[in-house]
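Everything on this sheet refers to the single structure shown next.
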Amino acid sequence: MKKIALHTQIIIGLILGLGVGLLFVQLGLPAEFVLDYIKPIGTIFINCLKMIAVPLVLASLIVGVANLGDIAKLGRIGGKTIAAYLSTTVIAVTFGLILVNVFQPGKSLPTSTRDNLMALYDSNVTSRTSAAESLKNQSPLQPVVDMVPENIFAAASNNGSMLQVVFFALLVGIALLQIPAKKGTPVIAFFDGLNDVIIKIVGFIMLLAPYGVFALMASLIVEITGEDPDSALSLLLALLKYSLVVLFGLALMVLLVYPLILKVFTKINYLDFFRALRPAQLLAFSTSSSSATLPVTMKQVEEELGVSEEVSSFVLPLGATINMDGTCLYQGVAAVFIAQALGLDLSISQQLMIVLTATLASIGSAGVPGAGLIMLIIVLESIDVPAAGLALILAPDRILDMFRTVVNVTGDAMVCSVVAASEGELSEGASPLVTKK
Ligand code: ASP
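In structure tokens form, the structure reads like this:
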């Protein structure tokens, strides 16, 4: 029998979970069964995701920075590339935040559902209130102070201190570039190997995803509906709205932002760009992995767009590790959606914190399926939204992952073309596909 693709399995898990949850509610079957025997599978799935977050950031970020090679030699290209990657990432998360604040997909939940969710996910409302109180007395520079760990092992043992881990990983990556290659190479090779090990483990965890999603959906429905089956429907509607907001934002990046940037900085016609990149985009969609797509992205960019190998072999691997516009946009929308669904109002400074943390989190996300979801924990913890709220958006996540990976890959190729054009490394008439004026 032909094996069913993982994303299809997850969709099946999602639908079955929904069905079983609704069945229990409608037929008045004992909710304890779902909570005692089905929910734990979902909890194990979430714990696996959390378990892998710290090592994932450490390894992928250290390797990403160290892959820059020799900073002095690549300084100019490196500077341009990083500036372009950072600005497109910030544009993406800003778009996400604007859209989620305008459409407010999480606010459509009735208060009763929201209260149920809040009771489920927020065991420590009081500690939050007192944390908010003490925040008022803090220096405005406290968030910067908080980025610097006083003990890296302590930071690495707490998923809430991920930003400190990011800070440390960046330092290690930069230092690795500046010590003699003889000493640096084995260390880079170690983290490179570790990165592969972690990516493999993420692959294992994703195998659990259909069952995890099934369990989470079934228990979510049973838990939130309680006496009121209508609230399940309102949660589904809110999830649908949330997914549409993410998709709308992603479409804006691909159909508006990227064509504009390409038009300003290169002579490449956007339709040609799109046509040249199509195989990579399809692969990104079906694998949900920018890393897996990388070889095809490089081939297409070099052969069809005429980018020199020197530029593409530096800009694209870096992009597959650190530049994730789609992921960043999604993290912004997801974080605010979860806060809205839990009835938490986010201040302007919390939203600015999202811009910062989502940018860093997307840099730290590996180019593998589900990585963006794990890194969303950093964003949630930084704005004091319970990380367990992740469960809310898990169901549609695998599908959104496919779309955001397409945007991640397209963004990398776009920046690569811009850097190549600015360096005069874009050959004319590389392909019959591309018409340069
Ligand atoms: N799957 C995405 C990628 O590989 C990362 C993520 O957002 O999960 O680009």
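In the working numbering, the protein residues as written are 67 to 503. Just so you know, even glycine gets a beta-carbon here, dropped at the ideal spot from N, CA and C.
Might you give, ordered along the chain, the residues of its own chain that have their beta carbon closer than 6 Å to the beta carbon of residue i, omitting 5 neighbours on each side?
| i | result |
| --- | --- |
| Glu491 | Ser374, Val377 |
| Phe169 | Val311 |
| Gln75 | Pro276 |
| Tyr324 | Met480 |
| Met390 | Ser428, Ser431, Asn474 |
| Thr147 | Val381, Val485 |
| Pro96 | none |
| Leu260 | Ala125 |
| Leu439 | Asp463 |
| Met364 | Ser378, Leu382 |
Could you tell me whether the Cβ of residue i comes closer than 8 Å to any Cβ of chain D?
| i | result |
| --- | --- |
| Gly315 | Absent here is chain D; the protein component of the structure consists of one chain. |
So, with DSSP's three-state summary, where would you put residue i?
| i | result |
| --- | --- |
| Val214 | coil |
| Val434 | coil |
| Leu492 | strand |
| Val373 | strand |
| Thr195 | No answer about Thr195 holds up, because its pLDDT of 48 lies below 50 and its placement is not dependable. |
| Val421 | helix |
| Gln406 | helix |
| Gly145 | helix |
| Leu95 | coil |
| Lys69 | coil |
| Gln397 | helix |
| Met390 | coil |
Rounded to a whole number of angstroms, what is the C-alpha to C-alpha distance between residue i and residue j?
| i | j | result |
| --- | --- | --- |
| Ile287 | Leu88 | 7 Å |
| Val481 | Thr425 | 16 Å |
| Arg142 | Pro215 | 31 Å |
| Thr251 | Gly83 | 48 Å |
| Gln347 | Gln366 | 10 Å |
| Thr291 | Leu183 | 10 Å |
| Ala119 | Leu322 | 33 Å |
| Asn113 | Ile465 | 21 Å |
| Met441 | Thr177 | 29 Å |
| Met117 | Met419 | 24 Å |
| Asp258 | Leu384 | 13 Å |
| Met213 | Asp450 | 15 Å |
| Ala71 | Asp181 | 37 Å |
| Ala158 | Ala222 | 28 Å |
| Leu412 | Phe234 | 28 Å |
| Val91 | Ile81 | 15 Å |
| Leu115 | Ala454 | 11 Å |
| Glu489 | Ala132 | 23 Å |
| Asn167 | Leu395 | 13 Å |
| Ile327 | Ala220 | 42 Å |
| Ala386 | Gly94 | 49 Å |
| Gln230 | Val211 | 10 Å |
| Ser357 | Leu236 | 20 Å |
| Ile254 | Gly145 | 21 Å |
Between residue i and the rest of its own chain, which residues show a CB-CB distance below 8 Å, the 5 nearest in sequence each way excluded?
| i | result |
| --- | --- |
| Ser285 | Gly87, Val100, Leu101, Ile104, Lys105, Gly108 |
| Ala150 | Val481, Val484, Val485 |
| Ser355 | Gly433, Val434, Pro435, Thr471 |
| Ile77 | Arg464, Ile465 |
| Leu302 | Leu84 |
| Leu299 | none |
Give me the residue from the options with the minimum Cα distance to residue i.
| i | options | result |
| --- | --- | --- |
| Glu369 | Val381, Phe380, Gly172, Leu343 | Leu343 |
| Leu422 | Glu447, Leu410, Ser300 | Glu447 |
| Ile265 | Gly430, Phe161, Ala453, Gly455 | Gly430 |
| Tyr308 | Gln397, Asp478, Ser413 | Gln397 |
| Ser415 | Phe256, Leu163, Val320 | Leu163 |
| Ser493 | Leu371, Leu412, Gln417 | Leu371 |
| Gly278 | Ser413, Ala461, Val91 | Ala461 |
| Ala505 | Phe280, Gly145, Leu360 | A question about residue 505 goes unanswered here, because the residues of the chain that appear run from 67 up to 503. |
| Leu122 | Val263, Gly477, Leu306 | Val263 |
| Met319 | Ile110, Ser153, Ala487, Lys333 | Ser153 |
| Leu273 | Ala487, Thr476, Asp478, Gly79 | Gly79 |
| Ile459 | Ala487, Lys69, Leu282 | Leu282 |
| Leu360 | Val399, Gly477, Lys333 | Gly477 |
Between residue i and the rest of its own chain, which residues show a CB-CB distance below 7 Å, the 5 nearest in sequence each way excluded?
| i | result |
| --- | --- |
| Val156 | Val421, Thr425 |
| Val238 | Ile128 |
| Val445 | Gln397, Ala401, Ile420, Thr423, Ala424, Ala427 |
| Ala304 | Pro171, Gly172, Ser174, Leu175, Ala407 |
| Leu410 | Val451 |
| Thr393 | Ser428, Ser431, Gly438, Arg470, Asn474 |
| Pro345 | Val362, Gln366 |
Practice item. Count the CB pairs spanning the stretch 332–344 and the stretch 299–318 that are closer than 8 Å, and state whether there are at least three. Key: no
**Study point:** Stretch-stretch touch, CB-based, cutoff 8 Å, three pairs: the stretch 255–269 with the stretch 431–438
**Key:** yes
Check your understanding: Can we say the stretch 243–252 touches the stretch 389–407, given the rule of at least three CB pairs closer than 8 Å?
Key -> no
Review point. Are the stretch 463–478 and the stretch 344–358 touching, with three or more C-beta to C-beta distances below 8 Å?
Key: Short answer: they touch.
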